[in-house]
Ligand code: SAM
């Protein structure tokens, strides 16, 4: 996978060369290129921002600097022509799957074309599902915002040029810039690329993973008793089926308390008898399409 990252602080991404990401780069699984947005400025101050039109605090990233940089990276010619409003509306509609979440790689040949991603706190949430779908792409381009963010016409323009553009928030809080958010998304996406993890099984049963996603069960290692706290006895039994059931029950329990929204998304038809029994004991009704919390 080729990854281009555009930022006014490209040195931030030197940290990518450590740990598993670093190994993936040396193995040739990832080809990461960082770019300083200021290299596309033409004024003596290398300015990338200007005051907000309409007034207000802070500065907004200018569209033309971004466009000159993105045109070069995406190999596009500058143009003033955009699709009609209708085409644009349809294009945007296609980006959203039923749940309202963005569905990054759903269209034909999507894997072959660069996908442009802008971290943005006022965008839909980046999820494991988005990470999974983006992990099959061959080229991702991340544009890191700063200040009050970037001019809203930038994603609009590139969508109108047929580029797949996604804006994602990594959580309900505001960071100073898109660099950390890009790092978060990059790590979540790339660890799903075949060959990235030493043991591919370690990403199979994880939190948020799969069609009936839950939070993962609790994990323990040796010693079996530590500072007066014992690991659950069943985990020492060697009885694989019982251990699996125990872990599944813990996952259901934790998810029910911490992330009931994930339980509400489960498909009851994919739950086994023991799952249903556990969920009923946790106060969920499981006879409809999705579980429903009983008052
Ligand atoms: N004025 C913006 C707002 O209130 O929504 C906040 C801009 S923030 C200070 C500057 C940049 O940081 C954004 O353009 C984005 O690239 C990045 N950023 C901040 N918080 C983020 C989040 N939760 N998720 C993704 N990107 C974020």
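Residue numbers (the numbering used here): 9 to 303. No residue lacks a Cβ here, since even glycine has one placed at the ideal position from N, Cα and C.
Inter-residue Cα distance where the pair is residue i and residue j
i	j	result
residue 293	residue 132	29 Å
residue 287	residue 260	7 Å
residue 26	residue 12	18 Å
residue 226	residue 214	11 Å
residue 120	residue 81	15 Å
residue 14	residue 209	33 Å
residue 200	residue 139	8 Å
residue 206	residue 74	37 Å
residue 247	residue 130	48 Å
residue 31	residue 163	32 Å
residue 181	residue 245	44 Å
residue 144	residue 193	14 Å
Same chain, Cβ closer than 6 Å to residue i, neighbours up to 5 away in sequence not counted
i	result
residue 10	39 and 147
residue 216	136
residue 231	none
residue 42	13, 18 and 21
residue 262	223
Proximal residues to residue i (C-beta, below 7 Å), its chain only, five neighbours per side dropped
i	result
residue 267	223
Assigned exposure category for residue i - 16 Cβ within 10 Å defines buried
i	result
residue 234	exposed
residue 167	buried
residue 302	exposed
residue 2	Since the first residue shown for the chain is 9 and the last is 303, residue 2 is missing from the structure and cannot be characterised.
residue 172	buried
residue 184	exposed
residue 149	buried
Cutoff 8 Å; reference residue i; Cβ partners in own chain excluding five residues on either side
i	result
residue 156	60, 64, 65, 66, 67 and 68
residue 295	276
residue 79	85 and 86
Residues bridged to residue i [DSSP beta-bridge criterion]
i	result
residue 147	10
residue 126	175
residue 303	Answer is none; residue 303 lacks a bridge partner.
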